[in-house]
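Q:
Number of protein chains: 2
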Amino acid sequence: MRLVIARCSVDYIGRLTAHLPMATRLLLVKADGSVSIHADDRAYKPLNWMTPPCTLKEDVTDGAGTWTVTNKAGEQLIITIEAVEHEHSHDLGVDPGLQKDGVEAELQRLLALHVETFGQGWSLVRREYPTAIGPVDLLCRDASGAVVAVEIKRRGEIDGVEQLTRYLELLNRDPLLAPVKGVFAAQEIKPQARVLAQDRGIDCVTVDYAVLKGTDDPSQRLF
Amino acid sequence: MRLVIARCSVDYIGRLTAHLPMATRLLLVKADGSVSIHADDRAYKPLNWMTPPCTLKEDVTDGAGTWTVTNKAGEQLIITIEAVEHEHSHDLGVDPGLQKDGVEAELQRLLALHVETFGQGWSLVRREYPTAIGPVDLLCRDASGAVVAVEIKRRGEIDGVEQLTRYLELLNRDPLLAPVKGVFAAQEIKPQARVLAQDRGIDCVTVDYAVLKGTDDPSQRLF
DNA sequence: CCGTAAATGTCGTCG
DNA sequence: CGACGACGTTTACGG
Numbered sequence: 059m060r061l062v063i064a065r066c067s068v069d070y071i072g073r074l075t076a077h078l079p080m081a082t083r084l085l086l087v088k089a090d091g092s093v094s095i096h097a098d099d100r101a102y103k104p105l106n107w108m109t110p111p112c113t114l115k116e117d118v119t120d121g122a123g124t125w126t127v128t129n130k131a132g133e134q135l136i137i138t139i140e141a142v143e144h145e146h147s148h149d150l151g152v153d154p155g156l157q158k159d160g161v162e163a164e165l166q167r168l169l170a171l172h173v174e175t176f177g178q179g180w181s182l183v184r185r186e187y188p189t190a191i192g193p194v195d196l197l198c199r200d201a202s203g204a205v206v207a208v209e210i211k212r213r214g215e216i217d218g219v220e221q222l223t224r225y226l227e228l229l230n231r232d233p234l235l236a237p238v239k240g241v242f243a244a245q246e247i248k249p250q251a252r253v254l255a256q257d258r259g260i261d262c263v264t265v266d267y268a269v270l271k272g273t274d275d276p277s278q279r280l281f
Numbered sequence: 059m060r061l062v063i064a065r066c067s068v069d070y071i072g073r074l075t076a077h078l079p080m081a082t083r084l085l086l087v088k089a090d091g092s093v094s095i096h097a098d099d100r101a102y103k104p105l106n107w108m109t110p111p112c113t114l115k116e117d118v119t120d121g122a123g124t125w126t127v128t129n130k131a132g133e134q135l136i137i138t139i140e141a142v143e144h145e146h147s148h149d150l151g152v153d154p155g156l157q158k159d160g161v162e163a164e165l166q167r168l169l170a171l172h173v174e175t176f177g178q179g180w181s182l183v184r185r186e187y188p189t190a191i192g193p194v195d196l197l198c199r200d201a202s203g204a205v206v207a208v209e210i211k212r213r214g215e216i217d218g219v220e221q222l223t224r225y226l227e228l229l230n231r232d233p234l235l236a237p238v239k240g241v242f243a244a245q246e247i248k249p250q251a252r253v254l255a256q257d258r259g260i261d262c263v264t265v266d267y268a269v270l271k272g273t274d275d276p277s278q279r280l281f
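Chains W and E are the protein sequences, given in the same order.
Position one of the first sequence corresponds to residue 59 (our numbering), numbered consecutively onward.
Position one of the second sequence corresponds to residue 59 (our numbering), numbered consecutively onward.
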């Protein structure tokens with residue numbers, strides 16, 4: 059990793075064109091070849107960047123000149139450097155990587171284990187049930203034996219309801235399954251999504267992750 | 059802006075929980091209070107971060123200890139530092155900011171000026187035509203006088219088709235407008251979106267931004 | 001490599 | 001403050 063603080067202006071020509079006037083900024087060159095330009099605000103988002111794979115060509119003398127970063131698609135990041143104020147390189151090695159917990163995949167796993175969350179007598183037909191337009195998160199049967207397609211989101215928004223609607227339309231063309239009902243499950247469901255779901259006859263279920271997780275944790279069980 | 063390269067492990071407890079094992083990483087503290095943790099890959103996204111407003115509490119002696127970053131929602135980023143390998147602070151000042159060109163608003167402006175892009179004899183009824191569920195990008199009439207709703211995207215994907223479908227459903231309830239046709243216009247249209255559009259009777263038009271822009275530029279005109 | 005869905009998305013705008 | 005849509009979304013995952 060290479061850190062350069064420099065007075066520079068930047069031009070990006072690619073999916074759009076963008077220009078940054080001359081100012082002092084952090085230039086971050088990573089081992090994967092990527093380059094990002096940070097100001098002292100806007101949280102973690104760089105002002106400009108080039109994602110790998112890309113190539114950096116430096117044309118600098120006496121601390122002034124240009125960096126040209128190019129990717130395969132022909133997008134270009136042109137950094138005009140007036141003066142370098144600080145520079146430091148450091149070998150970080152390979153990062154062991156991030157372990158996450160509480161994302162959609164985890165919710166899906168837990169709900170697959172506990173479909174009774176949706177109602178007594180429910181059973182799981184299949185997780186990631188395949189259709190022509192992609193897999194349905196959960197396919198279940200309720201206590202009466204009716205087939206139910208469950209779409210799971212961390213945050214339930216309108217596009218999730220649209221997604222489930224497309225699945226239901228397709229599943230209901232299958233005479234072996236039809237009629238198929240829909241359940242939209244999420245930790246939090248936005249009002250607009252709820253309204254749209256109701257309009258389409260889809261049930262909404264909000265899921266308490268902590269409770270599900272507790273149910274999954276052997277140390278939390280009484281028996 | 060403060061740059062710290064340190065051997066550290068990180069725990070995030072908030073919207074999800076995440077853990078980073080001990081390794082050497084870049085800690086970036088910006089003037090806006092944000093903290094981000096970068097590995098030596100991925101230009102855009104840090105491994106972990108906390109967006110402002112948040113507070114950083116340092117409890118470090120002899121280069122080892124913990125940083126605790128907390129925000130208003132009670133989310134926490136706990137950085138356990140084993141050793142600081144490099145540190146540098148630098149005052150960057152306020153950034154003059156980014157100038158962009160070529161996004162959806164610009165496409166809409168240009169297409170509103172040149173509805174003949176869609177066909178000879180087309181005219182614009184209104185840009186941002188209001189409906190109960192939001193404004194339609196362009197409402198036009200074709201050469202035969204039929205009303206057409208145009209949805210504009212930079213990249214045409216399936217959710218854009220869904221959006222236009224909802225508008226068409228609503229507009230077609232208005233006896234003064236019906237029947238209303240649909241046009242899905244974008245610089246690039248994904249195959250799946252194209253299939254869905256066709257299935258719904260919506261025409262797809264790919265737009266060349268450079269040509270439109272040229273048409274708009276007085277210096278490029280012959281007369 | 002392409003296409004699709006998820007994201008601690010983030011960031012603006014508008015009610 | 002919440003909802004909604006755009007983003008050079010980026011990133012991960014599956015065929």
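Note that beta-carbon positions come from the ideal geometry of N, C-alpha and C, so glycine has one too.
Taking the alpha helix (DSSP H) that E/L156 falls in, what are its first and last residues?
A: Neither: E/L156 is in no alpha helix (DSSP H) and is coded neither H nor E.
Q: Which of the three DSSP states, helix, strand or coil, is assigned to W/D257?
A: Assignment of W/D257 by DSSP, reduced to helix, strand and coil, places it in the helix class.
Q: For E/D69, which three-state DSSP category applies?
A: strand
Q: Which class does E/Q166 belong to by DSSP, given the choice of helix, strand or coil?
A: helix
Q: Please name the residue, chosen from E/V208, E/V142 and E/D153, that lies closest to E/L229 on a Cα-to-Cα basis.
A: E/V208
Q: Using 8 Å as the limit for Cβ to Cβ distance, is E/Q20 near chain W?
A: In the structure as shown, chain E starts at 59 and stops at 281, and residue 20 of chain E therefore has no counterpart that could be examined.
Q: Can you tell me where the alpha helix (DSSP H) with W/T175 in it begins and where it stops?
A: No alpha helix (DSSP H) contains W/T175, which DSSP labels as neither H nor E.
Q: With 8 Å as the threshold, decide whether the Cβ of W/L78 is near any Cβ in chain E.
A: When Cβ-Cβ separations below 8 Å define contact, W/L78 makes contact with chain E.
Q: Exposed or buried, what is E/V219 when buried is set at 16 or more other beta-carbons lying within 10 Å of its beta-carbon?
A: buried
Q: Rounded to whole angstroms, what is the Cα-Cα separation between E/Q134 and W/V152?
A: 25 Å
Q: Of the choices W/G155, W/Y187 and W/L156, whose alpha-carbon is the least far from that of W/A170?
A: W/Y187
Q: Compile a chain-ordered list of the residues in the segment 79-97 of chain W whose CB is closer than 7 Å to at least one CB of chain E.
A: Taking 7 Å as the Cβ-Cβ cut-off against chain E, the residues of the segment 79-97 of chain W that qualify are P79, A81, T82, R83, L84, K88, A89, D90, S92, V93, S94 and A97.
Q: Taking only the alpha-carbon atoms, compute the straight-line gap between E/T124 and E/D69 and give it to the nearest angstrom.
A: 11 Å
Q: Listing by chain order, which chain E residues have their CB less than 8 Å from the CB of W/V161?
A: L74
Q: How long is the line joining the alpha carbons of E/T75 and W/L156, rounded to whole angstroms?
A: 10 Å
Q: Compute the distance between the beta-carbons of W/R65 and W/E140, then report whether it is under 8 Å.
A: Contact flag set, yes.
Q: Could you name the residues of chain W that E/E143 contacts, counting a contact when the two beta carbons are closer than 8 Å?
A: H148
Q: Whole-angstrom Cβ separation of E/L105 and E/L85, contact assumed at under 8 Å?
A: With 8 Å as the limit, E/L105 and E/L85 do not qualify as a contact, their Cβ atoms being about 11 Å apart.
Q: Mind checking which residues open and close the beta strand (DSSP E) that includes E/D195?
A: V194 to R199
Q: What does DSSP give as the partner residues of E/D117 in its beta bridges?
A: Beta-bridge pairing links E/D117 to E/T124.
Q: Output the boundary residues of the beta strand (DSSP E) element that contains E/L86.
A: T75 to V87
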